[in-house]
Amino acid sequence: MSQLSPIIPYHRVNTLTGTRTARTLEDPKDIVRQIKKAKRPLFVLGPIATKVSLGDKLLIEYCIDIAKAGNIPICATATTKAKLLEYGVKPDSVYDTVEIINALKDPEWKGVKGEGNHDLVIFLGIRSDLANQGLSTLKHFAPHLSTLTLCKYYHPHADYSLPNIFKDEKWKAILDGVIENLKSEQQ
Amino acid sequence: MELKELSKRLEEVYRKIKAELNWEPVGPTPMPELSDLRNWDMRLLKTYKPFYAPFCDMCCICTFGKCDLTEHRRGACGIDIATQQARLVLLACLIGCSCHTGHAAHILDYLIEKYGPDKKIDLGEGVAVEAPHIRTVLGMKPETLGDLKVAIEYIYKELTHLLSSVHTGQEGSYLDYESKALHAGMLDHVGMEVAELAQISGFNYPTSVAETPLVDLGWNAFDKTKPIILFIGHNPATSTAVVDYLRESGLYDKVEFGGICCTALETARYSDRAKVVGPLSRQLFFVRSGIADVIMTDEQCIRTDITQEAAKVGSALIATLEKAMYGLEDATNMDTDEIVRKMVDEKKQFVILNPRKAAEVAVKVAMEIAPKRRKEWITEEEAKELAKKCSLCGLCEQVCPNLFNIGKGISEVAKGNFDTIRDIFNLCIGCGKCEEECPRNVPIFKIMQQAASKEVWKIRAGRGPIMDTEIRNVGAPITLGTIPGVIALVGCSSYPDHRDLAEVVEEFAKRKYIVVLSGCAGMVAGMWKDADGKTIYEKYPGNFDAGCVVNVGSCVANSHITGAAIKIANIFAALPLRANYEVMADYVLNRVGAVGVAWGPYSQKAAAIATGCNRLGIPVVVGPIASKYRRLYLSRKEEDDWRVMDARKKQIVDTGEPSPEHLIYVCETKEKLMVTLAKLCIRKNDTPQGRAIKLNHYISLYKKYMGGGLPEDLHLYVRRDADIPLVYKKEVKAYLDSIGWKPKEPVGLPTWIGTYPTKVPVDAVIR
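Going down the list, the sequences are from chains S and B.
Position one of the first sequence corresponds to residue 567 (this note's numbering), numbered consecutively onward.
Position one of the second sequence corresponds to residue 872 (this note's numbering), numbered consecutively onward.
See the structure below:
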């Protein structure tokens, strides 16, 4: 669950501007611990992952590695399906961002594998304004699941988020660390 | 007692709408009040459920709070987070509707004062159904400007009741707030129609003609050797007075005039010498260039710091409407020469509420100060020097709504490379936060002058209503599906990339869809030329038919687009429209393959327009930034209620076909938009030939923009073999076989009438 805002004013009724905000995670081991706690995680990939390079790879390659290492089904949004197929990965489902969020907020939804709704949803590669709004929907209307963002900047509406990261090397190290830790958990 | 009161109310309504004039029988809902169309709304909301994305966790409206609404907490008044979102959406729609109706009321009063209340509404020989919204909603056929006052008074009354419902401790259901928002949206289209009918009749705008003049578009369109007057806003009362004054005083070709936002479009309908600088996103950029000698503001979409911005660059400023007076002295009753002297010598800014006087002052001031104005943009060398101050601190990126790395672009300029900042300029929504935040005061917008295109494009002046003859020609192919759809690109300019719009227009016009535009979208789509140097307005015909590109005009001209949908039901299908909203909306939803696109909406007006489209059964796709509007209407295609009444057989049929799939929907990318538009034009009424054409476009657009085989939901839209487009027959058949697809029964006349509680009989949809 997400934490309370770090500073809560004493007179909440007069000065409060929101009580729930994402818990920051930046140690790959902590991130992997959350992923491994989930029974039915889902990885939602946005189109930015097909355009941004990190190190010598496209961001989507890190996503594919995370999904494979964690055995996490993928939901491809917008134009990400075609790119995944180029890498030989068939997404488990194809929805646009608002559609998958709309489905996720229904506790009775069967999930992308028909095994029940997901309990952890990982996001990466969606425009920050749209992602922020979508995460707000899940925060308010999907108490049955947790959200985790691996984007470069902090997403307050998520349950778990990376902090703002200003150097790509640091972001890369975290994602590589997640992949490595998931792999070692697999073994 | 109830019956007695009802009949008294109806008596009053019948008197107002002149029910005795027997042009059509009066339908079941003349001048509908808040609850009269509630059952229709609830039917819409049953399939297209509200989807909320709270922009804020709190409610801060009353002194009970602030109230935290997270984790199912309720406010001190009892409100929950969903209802609070719906309440705010209603508020946005009311703001939008008030703006359009306020514009309409002002222009109507202005023209009635000028010509009297008996001036005839005249839309030319091609338009007999002059007021599809007023006829459908009020049940009245307006003939004079005075008649339009009835529509304004009706909207005022409804707005008051709607606004009162957002008070603390009123409505407690998000669904009822949505019904009220849909009501406000419907009223918005009536208000827009009043504005258009008044303007066209009063200013003699082009009407009943397809090929309107091509006018210059772009921030470099002005002849900078002449005095320049810039209009900002959405009301043509003063801008047309400026044109009149210039004509009368022999200065018509000696002074340049044009605008930003919808007043620009309105003025271009009045004079083809008017320049259209561009959309809202270019406002601050252009104002800071200092090229305008005089800025005249009217209403809506004006930067609220316009007085300071104008003063900084030495542009004179006149506020001309009471809705935006900026704390300035009201000089309406001051001597004209004295105002001019104070503006020129003392740099004073004034409010002048008399359009004629404001026009005279503006022209005289522009003539006096223009010779002292700098007449060129900054040079490349100057831009490079200014850019050297950038320290790449990154603060500009942090405050940019789109998170653009502006500092990188500026630092590249310092090295002589303008490519990066040019790209950013094309994505920029023009808010100015970057420059405000810059600790070294780098004049980012000024530097962008060098990067921005100096191109001058062409835009076709707004043509107003769609002619009845055009509706007769396209009615059958649209409802059968052989014209694959009507795509309407409307609204503001906060796009993910402003080049997207021209690409969408080009793609769908080439495919023989009907493409219509209005407002800022109409401008931006024109800011692109093909290899032959032609804009979309020069490439495609302006008549409402397959493969056209029609600019209807400003924001308020959106009423012609939705009005055309009503006219298809009324003129082509011969269904009576008078006070018959449910029948019109049901027809549009089930049989007219039209979809709206607001790719860069920012305003409350856009919220009202879209919600009005939705009540009328027209789906709308919005760009990603519009997720901040907090609410969508989404279905879940394989789980929602897709039953319709087959009006021929009088049987309810479960079609399982999600057409149209959503009522208001966010697309994240241009590519997804292309595919979604084709899909949202599918209707249950399509003939096999029409469906095959629509699916052909859906599949080919999917392959072109999305890649990766066939659309995942294709099987839901194939009813029988005959629906499968020939060119993809083999591939589609193989896919359908692989998933065990079974053919479905066709529906004769699909309608929702008869599937929910309504006074309207099923026979009302058959002619």
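Note that the Cβ used here is the ideal one computed from N, Cα and C, for glycine as well.
Any beta-carbon of chain S closer than 8 Å to the one on residue i?
i	result
F922 of chain B	yes
S1498 of chain B	yes
M872 of chain B	Annotation note: pLDDT 42 at M872 of chain B (below 50); position unreliable, coordinate value reported separately. So no, M872 of chain B is outside the interface.
E1509 of chain B	no
Y1366 of chain B	no
C1538 of chain B	yes
G1527 of chain B	no
T900 of chain B	no
I952 of chain B	yes
E1268 of chain B	no
L959 of chain B	no
L1577 of chain B	Here the sequence assigns Met to residue 1577 of chain B, which means Leu is not the residue at that position. Chain S contact via Cβ: present.
G936 of chain B	yes
K1381 of chain B	no
Among the residues of its own chain, which have a CB less than 8 Å from the CB of residue i, if the five just before and after it don't count?
i	result
M872 of chain B	Its pLDDT being 42, under 50, M872 of chain B is placed unreliably by the model, and the measurement read from it follows with that caveat. Within the same chain, M872 of chain B has no close Cβ partners at all.
L1446 of chain B	A1440, V1454, M1455, Y1458, A1635, V1636, R1638
K1383 of chain B	I1354, P1355, A1417, G1418
M902 of chain B	V884, K887, I888, V1008, L1009, G1010, Y1025, A1450
V1313 of chain B	L1257, A1258, K1260, C1261, I1281, E1306
Could you confirm whether any beta carbon from chain B is found closer than 8 Å to the beta carbon of residue i?
i	result
V655 of chain S	no
V660 of chain S	yes
T585 of chain S	yes
H706 of chain S	yes
G682 of chain S	no
T510 of chain S	The structure shown does not extend to residue 510 of chain S, since chain S is modelled only from 567 through 753, so no value can be given for it.
R606 of chain S	no
L625 of chain S	no
T645 of chain S	yes
L582 of chain S	yes
I692 of chain S	yes
V610 of chain S	no
Leaving out five residues before and five after residue i in sequence, what residues of the same chain have Cβ atoms less than 6 Å from its Cβ?
i	result
L660 of chain S	Checking the sequence, you will find Val at residue 660 of chain S rather than Leu. Closer than 6 Å at the Cβ level, and outside the excluded window around V660 of chain S, lie A642, K647.
R1212 of chain B	none
K1304 of chain B	V1270
P1242 of chain B	none
A999 of chain B	D1339
P1412 of chain B	C1419
V1386 of chain B	I1358, V1376, F1379, A1380, V1420
C970 of chain B	Q1171, K1476
Apart from the five residues just before and just after residue i, which ones in its own chain have a Cβ nearer than 7 Å to its Cβ?
i	result
Q752 of chain S	A635
I864 of chain B	Outside the displayed range of chain B (872 to 1638) lies residue 864 of chain B, so it cannot be described from this structure.
E1528 of chain B	W1513, K1555, L1587, Y1588
H721 of chain S	A588, A697, N698, L701, T715, S727
V1037 of chain B	R958, L961, L962
I952 of chain B	P925, L940
Report back the beta-carbon spacing between residue i and residue j to the nearest angstrom; my notes put them in contact at under 8 Å.
i	j	result
S1425 of chain B	S1474 of chain B	13 Å between Cβ atoms; not a contact.
A1163 of chain B	S1186 of chain B	5 Å
Y1536 of chain B	L1505 of chain B	7 Å
A1229 of chain B	I1189 of chain B	5 Å
V908 of chain B	T900 of chain B	Residue 908 of chain B is actually Leu in this sequence, not Val. With a Cβ gap of about 6 Å, L908 of chain B and T900 of chain B count as contacting.
Quick check on residue i: does DSSP put it in helix, strand or coil?
i	result
Q1171 of chain B	coil
S659 of chain S	strand
A1241 of chain B	helix
M872 of chain B	Its pLDDT being 42, under 50, M872 of chain B is placed unreliably by the model, and nothing is read from it.
S969 of chain B	helix
C1363 of chain B	coil
Y1627 of chain B	coil
P1617 of chain B	coil
E592 of chain S	coil
A1593 of chain B	helix
Y1536 of chain B	strand
Q753 of chain S	coil
W894 of chain B	coil
Would you check if the stretch 919-927 of chain B and the stretch 687-707 of chain S touch, i.e. whether three or more CB-CB distances between them fall below 8 Å?
The stretch 687-707 of chain S, when compared against the stretch 919-927 of chain B, does touch it at the 8 Å Cβ threshold.
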